[in-house]
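*Asks:* I am attaching a structure below and will ask some questions about it afterwards.
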Amino acid sequence: MSGTRRRFFQDAAILGAGLLGLSKRLQAQEEKRMPMRPRETNHGRTPAEGAFLPMMTPDVADLPHELDGGVKVFHLMAEPVKRKIAPFKTIEAWGYNGSCPGPTIQVQQGDRVRVVFENRLPESTSLHWHGLEIPIEQDGVPYISQKPVAPGEKYVYEFRVHQEGTFFYHAHSAMQEMMGQIGFFVAHPEKDYKPRVDHDYGLILQEWAVLPSNTVPNTAAMEFNWLTFNGVSAPMTTPLLARLGSRVRLRILNLGMDHHPVHLHGHQFVVTGTEGGRAPESSWCPMNTVLVGVAQARVVEFEAKYPGAWMIHCHLPHHMMNSMMDLLRDRQIQTADQTDVKALNQMESLARSVPFQHVHHAPIAQDAEGVPGFPQDAFMEMGMDEVVEKPETYGLPKNWSAGMMGMMTMIRVLPDREYDAIVSRKKMGSPSRQEEHHHES
Ligand SMILES: [Cu+2]
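Shown next, in the form of structure tokens:
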């Protein structure tokens, strides 16, 4: 086997490996989130007066609030966070309330909001409310609008939200942003947008440079080897669910060093809003790929007309992959003196140690070695359906996870019966074992 091909065996192990399951804790949080949830979908039902359809942030919890004389009070703590972004890769990021990205804040236009902020980082920080029109003393810029919040100190932000739209909070310090300090701040409109949607989902786009044998992102790097939606790489990203025939809103938010063209399969969407709020309907035009620039949000809506598991992913080819390094778990691997058999064995032993139970690679031609350029994507596919199994993956085709890497998720458009079956599995809180999976290679 050629050296290049050997390298690809090893890369395959890594790229395939860069992927895994939602923690039980987060899943539990997701189940009990949104006490104000008025409806799951709008199928014939309308939300109660003053209620709104909450946005779901897959793999990230919502921040609960309490009421103090009509003021919605939130408690937010900046702190170091361990985040499992792939089965064998946990990074030491910074975030809020044990989560990276931070928990989602949802309010309604007109609300008065108080955020009691505590700094548990080893250095000073602050909170900036990106896109919100609020008094200068609430703007969260160190030295300009406030004193930096020192380690161990608290700071109280309070303002009325007169806007509607998809906003976010983040530390106003560049390196802290790249350590993961961001979260959604969604302001639902006083009156529902028209047309109304049945599902509302949020995705935060982040990128990380984590060197082999390291767990701490290198915030000075200009090249990124881990790409995440809501803090996890595919196929660890929890699939979005939509009823066949429903209307879906996706809010896509980017805070990193690159712009991401996010593409949806099988459907056309319209951009109905930006980080500045709702866009007039006269500006909507059909698309299926939207460029989400740094510090921007793009809100798109579409009718989920076609059943299937449809990809949602950044279309930059290297963002559809995970680690580009020769990295086997946390050690460098030797590529010399390898044979096909040894390389495959190495993939198998990685699979067992992670553990993802199955290593698959797609068939190759007999004369593959003789074709200049070979291999490209051969040997990158690694099925790990069981490791990333959760109710939302129930019923997907065998080895589905082999086709998902990096900044990628899917929306599963399901007829009522299948949709309801998954929702009831989520309510039971038990992942559903699928049929026995036999390893053919
Ligand atoms: Cu990208």
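Mapping to the numbering used here: the sequence shown position 169 is 226, numbers consecutive.
Ideal placement from N, C-alpha and C gives every residue a C-beta, glycine not left out.
For the beta strand (DSSP E) holding Glu123, just list the boundary residues, first then last.
*Replies:* Taking the sequence shown and counting its residues from 1, the one referred to as residue 123 is at position 66. Where Glu123 is concerned, the enclosing beta strand (DSSP E) stretches over Glu123 to Asp125.
*Asks:* Excluding five sequence neighbours on each side, which residues of the same chain lie with their C-beta closer than 8 Å to the C-beta of Ser313?
*Replies:* Here residue 313 is taken as the residue at index 256 of the sequence shown, counted from 1. In the sequence under discussion, the amino acid at residue 313 is Gly, which differs from the Ser named in the question. If the five residues before and after Gly313 are omitted, its C-beta is found closer than 8 Å to the C-beta atoms of Met235, Leu262, Gln263, Glu264, Phe281 and Val351, all from its own chain and listed in chain order.
*Asks:* Going by CA-CA distance only, name the one from Lys146, Thr147 and Val254 that's closest to Arg308.
*Replies:* Here residue 308 is taken as the residue at index 251 of the sequence shown, counted from 1. Comparing Cα-Cα distances from Arg308 to each of Lys146, Thr147 and Val254, the minimum goes to Val254.
*Asks:* Under 6 Å from any heavy atom of ligand 1, by CB: list those residues in chain order, please.
*Replies:* Spelled out in chain order, the answer is Asp315, His317, Cys371, Leu373, His376 and Met464.
*Asks:* The alpha helix (DSSP H) with Glu443 in it runs from where to where?
*Replies:* If you number the sequence shown from 1, residue 443 lands on position 386. Unbroken run through Glu443: none, as it is neither H nor E.
*Asks:* So His317 and His376 are supposed to be a Cβ contact under 8 Å. How far apart are they, rounded?
*Replies:* Residue mapping note: residue 317 aligns to position 260 of the sequence shown, counting from 1. Residue mapping note: residue 376 aligns to position 319 of the sequence shown, counting from 1. Right, the Cβ-Cβ distance comes to about 7 Å (below 8 Å), so this counts as a contact.
*Asks:* Check each candidate in Phe216, Leu284 and Val198 and name the one with the smallest Cα separation from Ala231.
*Replies:* Here residue 231 is taken as the residue at index 174 of the sequence shown, counted from 1. The residue with the shortest Cα to Cα distance from Ala231 is Val198.
*Asks:* Assuming Gly222 and Gly334 are in contact, meaning their beta carbons sit under 8 Å apart, how far apart are those beta carbons, in whole angstroms?
*Replies:* Numbered from its first residue, the sequence shown carries residue 222 at position 165. Numbered from its first residue, the sequence shown carries residue 334 at position 277. Yes, Gly222 and Gly334 are in contact; Cβ-Cβ is about 4 Å, under 8 Å.
*Asks:* Can you say whether Gln433 is buried or exposed, counting buried as having 16 or more other CB atoms within 10 angstroms of its CB?
*Replies:* For the purposes of this step, residue 433 is taken as residue 376 along the sequence shown, with counting starting at 1. Exposed, since its Cβ has fewer than 16 Cβ neighbours within 10 Å.
*Asks:* So the candidates are Thr161, Phe225, Gln165 and His185; which of them puts its Cα closest to the Cα of Tyr212?
*Replies:* Locating residue 212 in the sequence shown gives position 155, counting from the first residue. Residue His185 is the option with its Cα nearest to Tyr212.
*Asks:* For Glu87, count the other beta carbons within 10 Å of its own beta carbon; 16 or more makes it buried, fewer makes it exposed. Which is it?
*Replies:* What you label residue 87 is simply residue 30 of the sequence shown in a count that begins at 1. Its pLDDT being 39, under 50, Glu87 is placed unreliably in this model, and the value from its coordinates should be taken loosely. With 16 or more other Cβ atoms within 10 Å, it is buried.
*Asks:* Where does Gln391 sit, in a helix, a strand or coil, going by DSSP?
*Replies:* Within the sequence shown, numbered from 1, the residue matching residue 391 stands at position 334. Bear in mind that a pLDDT of 43 at Gln391, under 50, signals an unreliable position, so the number given afterwards is only what the model happens to contain. Coil at Gln391, not helix or strand.
*Asks:* Return the chain-ordered list of same chain residues with a C-beta closer than 6 Å to the C-beta of Val273, the five sequence neighbours on each side being excluded.
*Replies:* For the purposes of this step, residue 273 is identified with residue 216 of the sequence shown, where counting begins at 1. Answer for Val273: Glu149, listed in chain order.
*Asks:* To the nearest angstrom, report how far apart Leu298 and Gly259 are at their CA atoms.
*Replies:* By 1-based counting over the sequence shown, the position of residue 298 is 241. By 1-based counting over the sequence shown, the position of residue 259 is 202. Rounded to the nearest angstrom, the two C-alpha atoms are 13 Å apart.
*Asks:* Kindly confirm or deny that the region 151-165 and the region 240-253 touch, where touching means at least three C-beta pairs closer than 8 Å.
*Replies:* yes
*Asks:* Could you check the C-alpha separation between Lys483 and Pro448 for me, to the nearest Å?
*Replies:* Counted from its first residue, the sequence shown places residue 483 at position 426. Counted from its first residue, the sequence shown places residue 448 at position 391. Between Lys483 and Pro448, the C-alpha separation is close to 6 Å.
*Asks:* What are the boundary residues of the beta strand (DSSP E) that includes Arg474?
*Replies:* As a working mapping, residue 474 is identified with position 417 in the sequence shown. Arg474 -> not in any beta strand (DSSP E); alpha helix (DSSP H) instead, spanning Asp473 to Met485.
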